[in-house]
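The next block holds one structure in the form of structure tokens; read it before the comments.
2 protein chains.
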Amino acid sequence: MSGAVISDISRCLIEIAWHLGPKGINGECCENLTMPEFIALDKIFTTPNCPVQDVGYSLKFTKSGATRIVNRLEKKGYVNKIRSMDDARVCCVKLTKKGLRVLESTDARYLKQFEDMIAGMPEQSVSHVIQVIFAMAKSLKNGVPIV
Amino acid sequence: MSGAVISDISRCLIEIAWHLGPKGINGECCENLTMPEFIALDKIFTTPNCPVQDVGYSLKFTKSGATRIVNRLEKKGYVNKIRSMDDARVCCVKLTKKGLRVLESTDARYLKQFEDMIAGMPEQSVSHVIQVIFAMAKSLKNGVPIV
DNA sequence: AAAAAATAGTTGACAGCGTCAATCTTTTTG
DNA sequence: CAAAAAGATTGACGCTGTCAACTATTTTTT
């Protein structure tokens, strides 16, 4: 790979991250959720008896950051915290009905963005793009944390 | 497209944005630059006599946000502001040597990330993935601003 | 079994960041 | 020339995550 291609790849990745992610500090991704809040909600949804810290792990936040984001979600009515029966140090975070609803119904923004993006790249076949996106997401999710 | 695929696509896009982007509020993307700062620097690099507001446009910041980020870059020694000869209202922002250097030498993190990502998706051909990434970035960059 | 260490979570102080609205300066318009 | 518009800046503000200290509970040591 030539130097030019390398820096182009960097720029492209940054471009993708920036446009797909929240803009500015108050960028909302859906309803009144920021992107980290959405990710937290999804983590809570997919983790049975999710401890507060697990939310932090999936966001790469410190444990106090985890507490704060969970508290924010609780204040917004999307989750509840319940002391674990097995270990009284642990708080199990659970989605409320409202949280489940917002999670299930807020793919709209990203789908729209996907459609706009696809519309701008007619030379690519949709199913190819979807394949690559799926593979990228899977690889990034499982990958070693970035230094 | 089925509902499941739609929500999968949303999750994937969020995953990609999150892992490629800065984590947490102080997420740095390279040296001591945040991702918006890097984008600003790149914009300044590619725009002759770049006015402060242009930086804001490319980041979708307000003009005061633009002032703030340019000031931050100036404080870090990456850019200089010079009053325009043609129009004294305008500040031309220019890269310093240090700014040019950081811009030229900080593709490493993203390249590493790209390589890690590629390594995690062996079923995809590298050139194919690069094609899709380029097309995605181009489409997102030119696309209509996201609501 | 008591003491020590580890673990989960919380909180106050703090700093970074972008917005808003007001303001200043310079340029353009009518 | 007066009024409006445009570029940039600034103070106040709110949101967000970190750090370090602290509480409470559980596990390990001895």
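Protein chains in written order, with this note's numbering: chain G, 1 to 147; chain Z, 1001 to 1147.
For glycine and all other residues, C-beta sits at the position ideal for the given N, C-alpha and C.
All of these numbers come straight from a predicted model, not from anything done at the bench.
Shortest alpha-carbon distance to G/K112 belongs to which of G/I9, G/I14 and G/L20?
The residue with the shortest Cα to Cα distance from G/K112 is G/L20.
Just by C-beta distance, which residues in the stretch 1067-1098 of chain Z are closer than 8 Å to chain G?
Those would be none; no residue qualifies.
Going by C-alpha to C-alpha distance, which of G/V55, G/A108 and G/R83 sits closest to G/T67?
Measuring from the Cα of G/T67, the nearest candidate turns out to be G/V55.
Inspect the CB distances between the stretch 121-136 of chain G and the stretch 1115-1127 of chain Z and report whether three or more fall short of 8 Å.
Verdict: yes, contact present.
Interface partners of G/K141 on chain Z, CB under 8 Å
Ordered by position in chain Z, the residues that pass the 8 Å Cβ test against G/K141 are E1015 and H1019.
Whole-angstrom distance between Z/I1006 and G/K76, CA atom to CA atom:
The alpha-carbon atoms of G/K76 and Z/I1006 are separated by roughly 26 Å.
Which whole-angstrom value describes the C-beta separation of G/V79 and G/I44, a residue pair presumed to lie in contact below a C-beta threshold of 8 Å?
6 Å between Cβ atoms; contact.
Under DSSP, the beta strand (DSSP E) around Z/K1094 begins and ends at which residues?
Here the beta strand (DSSP E) through Z/K1094 covers C1091 to L1095.
At the 8 Å Cβ level, is Z/Y1057 part of the contact set with chain G, yes or no?
It does not: the Cβ of Z/Y1057 has no partner Cβ on chain G nearer than 8 Å.
Spatial distance of Z/I1014 from G/Q53 (CA atoms)
Looking at the two C-alpha atoms, the distance is approximately 21 Å.
Could you tell me the alpha carbon to alpha carbon distance between Z/Y1108 and G/K98, rounded to whole angstroms?
Checking the displayed sequence, the identity of residue 1108 of chain Z turns out to be Ala instead of Tyr. Pairing Z/A1108 with G/K98, the inter-Cα distance amounts to about 42 Å.
Flag G/R101 as yes if its beta-carbon sits less than 8 Å from any beta-carbon of chain Z, otherwise no.
G/R101 has a beta carbon lying at 8 Å or more from every beta carbon in chain Z.
Sequence-distant residues of its chain with Cβ nearer than 8 Å to G/P145 (five each side left out)
No answer about G/P145 holds up, because its pLDDT of 42 lies below 50 and its placement is not dependable.
Checking contacts by CB at 8 Å: is Z/C1012 closer than that to chain G?
Taking a beta-carbon distance threshold of 8 Å, Z/C1012 counts as an interface residue toward chain G.
In the DSSP assignment, the alpha helix (DSSP H) including G/N80 goes from what residue to what residue?
Looking at the DSSP string, G/N80 is not in any alpha helix (DSSP H); the run it does join, the beta strand (DSSP E), is V79 to R83.
Pair within 8 Å by beta-carbon distance, Z/N1032 and Z/S1084:
Z/S1084 sits away from Z/N1032, with the two beta carbons spaced by 8 Å or more.
Does G/R89 pass the burial test, meaning 16 or more other C-beta atoms within 10 Å, or should it be called exposed?
The residue in question, G/R89, is exposed, as its Cβ has fewer than 16 Cβ neighbours within 10 Å.
Could you tell me which chain Z residues have their CB closer than 8 Å to the CB of G/S127, listed as they occur along the chain?
Ordered by position in chain Z, no residue passes the 8 Å Cβ test against G/S127, which lies about 10 Å from the chain.
Say whether chain G places a C-beta atom closer than 8 Å to the C-beta of Z/S961.
Nothing about residue 961 of chain Z can be reported from this structure: the residues present for chain Z run from 1001 to 1147 only.
Since Z/G1056 is in the alpha helix (DSSP H), which residue starts that stretch and which ends it?
First-last of the alpha helix (DSSP H) with Z/G1056: V1052 to L1059.
My parser needs the alpha helix (DSSP H) runs of 4 or more residues fully inside the stretch 1093-1128 of chain Z; what are they?
Taking 4 residues as the shortest admissible run, the stretch 1093-1128 of chain Z contains the following complete alpha helix (DSSP H) segments, listed from N- to C-terminal end: 1097-1105 and 1108-1119.
Looking at the unbroken alpha helix (DSSP H) that takes in Z/N1071, where does it start and where does it end?
Element bounds for Z/N1071: K1063 to K1075.
Using 8 Å as the limit for Cβ to Cβ distance, is Z/V1132 near chain G?
Interface annotation, Z/V1132: in contact with chain G, CB-CB separation under 8 Å.
If I follow the unbroken alpha helix (DSSP H) through Z/D1042, where does it start and stop?
Where Z/D1042 is concerned, the enclosing alpha helix (DSSP H) stretches over M1035 to T1046.
Own chain residues within Cβ distance below 6 Å of Z/K1063, not counting five before or after
Counting only Cβ-Cβ distances below 6 Å, and skipping sequence neighbours, we find Q1053 and G1056.
Nonlocal neighbours in the same chain, by C-beta distance under 8 Å from Z/C1092, ignoring five residues either side
So the qualifying residues of the chain are N1049, C1050, P1051, K1081, I1082, R1083 and S1084.
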